[in-house]
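Novice: Residues -7 to 105 (the working numbering) make up the sequence shown, in order.
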Amino acid sequence: MEILMSIVVGILFMSAVYLILSKSLLRVIIGTALLSHGAHLLLLTMSGLKTGAAPVLTDGVESYTDPLPQALVLTAIVISFGVTAFFLVLAYRAYQELGTDNMEEMKGNESND
């Protein structure tokens, strides 16, 4: 299962880098969101995809699942949601002011598309 998740993480990173390197601001925002999702999946995969009981100290529990990686990923999901929402508002405001979402035109360079 870890091999499959590692392949999925690689595909997410690959598509995120491709989107981040494009000229469209919306694609850059989607790329950063994909990159954060890939990082979350990477953290969960590296912590081990184990099943076990809840970490409550009772008699008879021999294996339990560590809740720390899940708590870290949950916190990171909330932070990345806030950053993505901020990026979307910033992109919308830039589109209102400049009338384009092309990064080259925002910098003042002429695009040859």
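All C-beta atoms, glycine included, are put in the ideal place defined by N, C-alpha and C.
A quick note: this is a predicted structure, and the numbers were derived from the prediction, not measured.
On a CA-only basis, which of 17, 52 and 39 is nearest residue 99? Give me that one, please.
Specialist: When each option's Cα is compared against that of residue 99, the closest is 17.
Novice: Mapping DSSP to helix, strand and coil, what is residue 14?
Specialist: Coil at residue 14, not helix or strand.
Novice: Report the residue from 58, 50, 23 and 7 whose alpha carbon sits nearest the alpha carbon of residue 40.
Specialist: Ranking the options by Cα distance to residue 40, first place goes to 58.
Novice: For residue 24 versus residue 1, is the C-beta distance shorter than 8 Å?
Specialist: The answer is no: Cβ separation not under 8 Å.
Novice: Checking the sheet assignment: what are the DSSP bridge partners for residue 94?
Specialist: According to DSSP, which records beta bridges pairwise, residue 94 is partnered with 16.
Novice: In whole angstroms, what separates the C-alpha of residue 33 from that of residue 66?
Specialist: Using only the alpha carbons, I get a separation of about 11 Å.
Novice: Determine the contact status of residue 60 and residue 21, defining contact as a CB-CB distance below 8 Å.
Specialist: Not a contact, by the Cβ cut-off of 8 Å.
Novice: DSSP three-state call for residue 50: helix, strand or coil?
Specialist: Residue state, collapsed to three classes: coil.
Novice: Determine the contact status of residue 26 and residue 64, defining contact as a CB-CB distance below 8 Å.
Specialist: Not closer than 8 Å, so no.
Novice: My guess is that residue 15 and residue 96 are in contact by the Cβ rule of under 8 Å, so how many angstroms apart are they, rounded?
Specialist: Residue 15 to residue 96, Cβ: 6 Å. Contact.
Novice: Going straight from the alpha carbon of residue 10 to that of residue 86, what length do you get?
Specialist: Approximately 22 Å, taken between the alpha carbons.
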